[in-house]
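Student: Have a look at this one before I ask anything.
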Amino acid sequence: MRLEKRWTLKSADEQYTQQLSEQLRIHPALCRLLAVRGIADFESAKAFFRPKLSHLHDPFLMKGMKRAVERITEAIEWHERIMVYGDYDVDGTTAVSVVYSFLKKFYDGDLAYYIPHRYREGYGVSKAGIDHAHANGYTVLITLDCGIKSAELIGYAQSLGIDVIVCDHHMPDNNPPVAYAILNPKQVDCKYPYKELSGCGIGFKLIQALAMHWKKDLEEAYYFLDLVATSIAADIVPLDGENRVLAYYGLKKVNEDPSLGIKTLKELAGVTRTLCVSDLVFVIGPRVNAAGRMDDARKAVDLFIEPDPEKIIALADALQSDNYDRKEIDKTITQEALALLQGDIAGIGKKATVLYQSHWHKGVVGIVASRLIDHYYRPTIVLTLSNDKVTGSARSVSGFNIYDAIHECRDLLENYGGHFYAAGMTLKPEQVQAFTAKFEEVVSRTITPDMLIPEIEIDAEINFADIKPAFYNIIKQFEPFGPTNLRPVFLTRNVRDWRGYSRIVKEQHLKFVVHQNERDVVDGIGFGLADKYELVANEPFDILYTVEENEHNGATRLQIKVVDVKRTGTI
Ligand SMILES: [Mn+2]
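In the working numbering, the protein residues as written are 767 to 1337.
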């Protein structure tokens, strides 16, 4: 079943579009794309199209940076024991790898890293971790991608004589920890000009500051940009501002001179093409994450900090096999979940999905929740049993704040946390039924009907005649694509099949050969669009697509990747 989608045109400042057209003298649709991305004039367009490492902000603009750098420098001078502590996901493990490896280059004293176990210790700073640091004489603890919400535990560490440097990008609440230093641009009194760094991005700013303070070549820090780019992709942070520069140079490193860990993962995955942001999300990310989901995330860090190529191959193999297990489990649970939903007659018309099975694997419930939304487009929670507690993950649909909805059910929960689009919770098994009913009640009361229809956002309307190499060459310069800078989606109205050439391929897909005004024939592919064949073959329609380059027999040519079609006159 394919869900009908609503089409909306992204808003753009008309004055920006106008000004850019005059200054850049490129196609007005391209100026609109820039305006949609908040770019107003020639100078900002130039910075966007030509990212430079010199555009990176001064790390010392970040509150706490000077104090953090001085404390680490002192720790090295006095040969103190330093521990780098991070979360078990891609962002956390890359952050730990970057900061640990950088320090290792300049410090031959005691340096260790610590990743909490996903199931035994859970997310964030753990008491077991602090006790371990204290028992072994560590006096400086650098937390990465976590810490800002662990006021109590960080207070405990400080009371044991450990100086804690928190590097986190999560939103601080009104009970921030009293740490030795806190690096987090989302603190209200932090003047740092860019707020959307990943956790590993904050770790990068720390090593950039250390390199500056120690008068080292900045290349020593830039060396780690492949891991920083991986964290940006996997943590789904915006791809604008400083993240765009980091991702741009990080991808360059991934493709031209990757660290051995990334290179080996890429080879094992059998990928030979030039990697883009979505490859970091779908090829590298899952393999790094699989370690923590299936077993122990320390394998991921070891892969990135290990100098011995043979050991790297063994570690990458282990991640590859964890990822294989993860995929199998993910597939089985998704099938079971879909079968439950299909069999649930009483569930028809519900505004939310809540599913619970005690035997489901805790490591994949979030992934499964996302997959269910592709079939049943509504806020979704998938629950399982772990250590006598019910625990689960929530994923939302565009525009609906799932964290707020869960917060409204707090009297039935033991614990919960998260963001607008994703959250997690634990509850007692006997509360599952009440929670399911309450969540449905809250969602049906607060969600608007249009939020339950998947949306496709359009960047600009163009004619087929506009699709030319010069036009495409500029689109290419919008890369890397990612959140806030997605591959542009174009609308062309009133097109028709060309001489009956459009056809269904492999039962599910639709091969398009279409024209506008009896000329400008364009071809392309629409994955999963076979059910639109009757419309496409017989009637005029409006079409949404991205423009792609296709290599065939050594020649490259442009074609379109069709996202959706609707009968002309219906939008
Ligand atoms: Mn993170």
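Every residue, glycine too, gets a C-beta built ideally from N, C-alpha and C. Fair warning: this is a prediction, and the values are worked out from it, not measured in the lab.
Kindly indicate the opening and closing residues of the beta strand (DSSP E) around A1112.
Tutor: Residue numbering aside, residue 1112 sits at position 346 when the sequence shown is read from its first letter. Neither: A1112 is in no beta strand (DSSP E) and is coded neither H nor E.
Student: Given 8 Å as the limit, is there contact between the stretch 859-868 and the stretch 984-993, that is, 3 or more CB pairs closer than that?
Tutor: yes
Student: Could you name the residues that DSSP lists as bridge partners for S1159?
Tutor: As a working mapping, residue 1159 is identified with position 393 in the sequence shown. Answer is V1148 and G1190, bridged to S1159.
Student: Cutting at 8 Å between CB atoms, please list the residues of its own chain near T1312, excluding the five before and the five after it.
Tutor: Residue numbering aside, residue 1312 sits at position 546 when the sequence shown is read from its first letter. These residues qualify, in order along the chain: R1253, P1254, V1255, F1256, I1326, K1327 and V1329.
Student: Excluding sequence positions up to five away, which residues of its chain have a Cβ less than 7 Å from the Cβ of A1231?
Tutor: The sequence position of residue 1231 within the sequence shown is 465, counting from 1. Taken in chain order, the residues that qualify are D1286.
Student: Does the pairing of the stretch 1204-1219 with the stretch 770-790 give three or more beta-carbon distances under 8 Å?
Tutor: They touch, by the three-pair rule.
Student: Considering I968, what are the terminal residues of the alpha helix (DSSP H) in which it resides?
Tutor: Along the sequence shown, read from residue 1 onward, the residue named residue 968 stands at position 202. Segment G965 to H979, the alpha helix (DSSP H) holding I968.
Student: For V1067 and E918, I'd like the C-alpha separation in whole angstroms.
Tutor: Residue mapping note: residue 1067 aligns to position 301 of the sequence shown, counting from 1. Residue mapping note: residue 918 aligns to position 152 of the sequence shown, counting from 1. Cα-Cα distance, rounded: 27 Å.
Student: Is G921 near ligand 1, judged by its Cβ being under 8 Å from some heavy atom?
Tutor: On the sequence shown, residue 921 is found 155 positions in, with the first residue counted as 1. No, the Cβ of G921 stays beyond 8 Å of every heavy atom of ligand 1.
Student: So who's on the other strand from K1332, going by DSSP bridges?
Tutor: On the sequence shown, position 566 is the one that residue 1332 refers to. Paired residues: D1308.
Student: Can you tell me the Cβ-Cβ gap for Y880 and M849, rounded? I've got them flagged as a contact below 8 Å.
Tutor: What you label residue 880 is simply residue 114 of the sequence shown in a count that begins at 1. What you label residue 849 is simply residue 83 of the sequence shown in a count that begins at 1. Y880 to M849, Cβ: 6 Å. Contact.
Student: I want to see whether chain D comes within less than 9 Å of I998, judged by CB atoms only; does it?
Tutor: Although the question refers to chain D, the structure presented lacks it and comprises just one protein chain.
Student: Taking only the alpha-carbon atoms, compute the straight-line gap between G1109 and Y1122 and give it to the nearest angstrom.
Tutor: Taking the sequence shown and counting its residues from 1, the one referred to as residue 1109 is at position 343. Taking the sequence shown and counting its residues from 1, the one referred to as residue 1122 is at position 356. Distance between the alpha carbons of G1109 and Y1122 is about 15 Å.
Student: Which residue from Y1299, D1289, N1260 and L1107 puts its Cα closest to that of H1275?
Tutor: The residue you call residue 1275 lines up with position 509 of the sequence shown. Among Y1299, D1289, N1260 and L1107, the Cα nearest to that of H1275 is on Y1299.
Student: With a threshold of 8 Å, establish whether the CB of D1001 neighbours any heavy atom of ligand 1.
Tutor: Counting from 1 along the sequence shown, the entry for residue 1001 is found at position 235. At least one heavy atom of ligand 1 is nearer than 8 Å to the Cβ of D1001, so yes.
Student: Could you tell me the distance, in whole angstroms, from the CA atom of F970 to the CA atom of V994?
Tutor: Start at 1 with the first residue of the sequence shown, and residue 970 comes out as number 204. Start at 1 with the first residue of the sequence shown, and residue 994 comes out as number 228. Computed Cα separation, rounded: 7 Å.
Student: So if DSSP puts F1338 in a beta bridge, which residue, or which two residues, is it bridged to?
Tutor: No answer is possible for residue 1338: the residues shown for the chain start at 767 and end at 1337.
Student: For the beta strand (DSSP E) containing H1281, list its first residue and its last residue.
Tutor: Taking the sequence shown and counting its residues from 1, the one referred to as residue 1281 is at position 515. Where H1281 is concerned, the enclosing beta strand (DSSP E) stretches over H1275 to Q1282.
Student: From R1262 to I1233, what does the alpha carbon distance come to, in whole angstroms?
Tutor: Here residue 1262 refers to the residue found at position 496 when the sequence shown is read from its first residue. Here residue 1233 refers to the residue found at position 467 when the sequence shown is read from its first residue. Rounded to whole angstroms, R1262 to I1233 spans 17 Å at the Cα level.
Student: Is any heavy atom of ligand 1 found at a distance shorter than 8 Å from the C-beta of S863?
Tutor: Taking the first residue of the sequence shown as 1, we reach residue 863 at position 97. No - ligand 1 has no heavy atom lying nearer than 8 Å to the Cβ of S863.
Student: Under the three-state reduction of DSSP, which class applies to G1320: helix, strand or coil?
Tutor: Position 554 of the sequence shown, counted from the first residue, corresponds to residue 1320. DSSP places G1320 in coil when its eight states are reduced to three.
Student: For E1008, is the classification buried or exposed, using 16 other Cβ atoms within 10 angstroms of its Cβ as the cut-off for buried?
Tutor: As a first step, residue 1008 must be located in the sequence shown, where it is residue number 242. So E1008 counts as buried.
Student: Taking the C-alpha atoms as reference points, what is the distance between W1126 and A841?
Tutor: To locate residue 1126, count along the sequence shown from 1; it is residue 360. To locate residue 841, count along the sequence shown from 1; it is residue 75. In a straight line, the C-alpha of W1126 is about 45 Å away from that of A841.
Student: Using the C-alpha atoms, what's the distance from A1203 back to M767?
Tutor: Counting from one through the sequence shown, the residue named residue 767 turns up at place 1. Counting from one through the sequence shown, the residue named residue 1203 turns up at place 437. Note that M767 scores a pLDDT of 48, beneath 50, so its modelled location is shaky and nothing firm can be said.
Student: Between the alpha carbons of Y1143 and L1193, how many angstroms are there, rounded?
Tutor: Residue 1143 sits at position 377 when you count from the first residue of the sequence shown. Residue 1193 sits at position 427 when you count from the first residue of the sequence shown. For Y1143 and L1193, the distance between alpha carbons rounds to 25 Å.
Student: Name, in chain order, the residues that DSSP records as bridge partners for L877.
Tutor: Here residue 877 refers to the residue found at position 111 of the sequence shown. Assignment of beta-bridge partners to L877 by DSSP yields I848.
Student: What are the partner residues of L775, as DSSP defines its beta bridges?
Tutor: As a position in the sequence shown, residue 775 is number 9, starting the count at 1. Partner(s): I1224.
Student: Within 8 Å: the Cβ of G858 and any heavy atom of ligand 1?
Tutor: Looking up residue 858 in the sequence shown gives position 92. It does: the Cβ of G858 is within 8 Å (strictly closer) of some heavy atom of ligand 1.
Student: If you count every other CB in all the chains shown that lies within 10 Å of the CB of T1322, and 16 or more means buried, which is it?
Tutor: Against the sequence shown, residue 1322 aligns to sequence position 556. The residue is exposed, with fewer than 16 neighbouring Cβ atoms inside 10 Å.
Student: Can you tell me whether G1016 sits near ligand 1, meaning its C-beta is under 8 Å from at least one heavy atom of the ligand?
Tutor: As a first step, residue 1016 is located in the sequence shown; it is residue number 250 there, counting from the start. Not so, every heavy atom of ligand 1 lies at least 8 Å from the Cβ.
Student: Run through DSSP, which three-state label would I1038 get?
Tutor: By one-based count along the sequence shown, residue 1038 stands at place 272. Sequence inspection shows Thr at residue 1038; the Ile mentioned does not correspond to that position. Coil at T1038, not helix or strand.
Student: Going by other Cβ atoms of all chains shown within 10 Å of its Cβ, with 16 needed for buried, is P951 buried or exposed?
Tutor: Taking the first residue of the sequence shown as 1, we reach residue 951 at position 185. That one is buried.
Student: Apart from the five residues just before and just after A1056, which ones in its own chain have a Cβ nearer than 7 Å to its Cβ?
Tutor: Residue 1056 sits at position 290 when you count from the first residue of the sequence shown. Excluding positions up to five away in sequence, the list reads L1085, D1088, N1089 and R1092.
Student: Give the single residue among I1114, T1100, I1028 and A1103 whose Cα lies nearest to the Cα of P1075.
Tutor: Locating residue 1075 in the sequence shown gives position 309, counting from the first residue. When each option's Cα is compared against that of P1075, the closest is I1028.
Student: How do the stretch 954-974 and the stretch 824-843 stand: do at least 3 beta-carbon pairs fall below 8 Å, yes or no?
Tutor: Yes: the two stretches touch, three or more of their Cβ pairs being nearer than 8 Å.
Student: Restricting to runs no shorter than 4 residues, where is the alpha helix (DSSP H) found entirely within the stretch 812-867?
Tutor: 831-843
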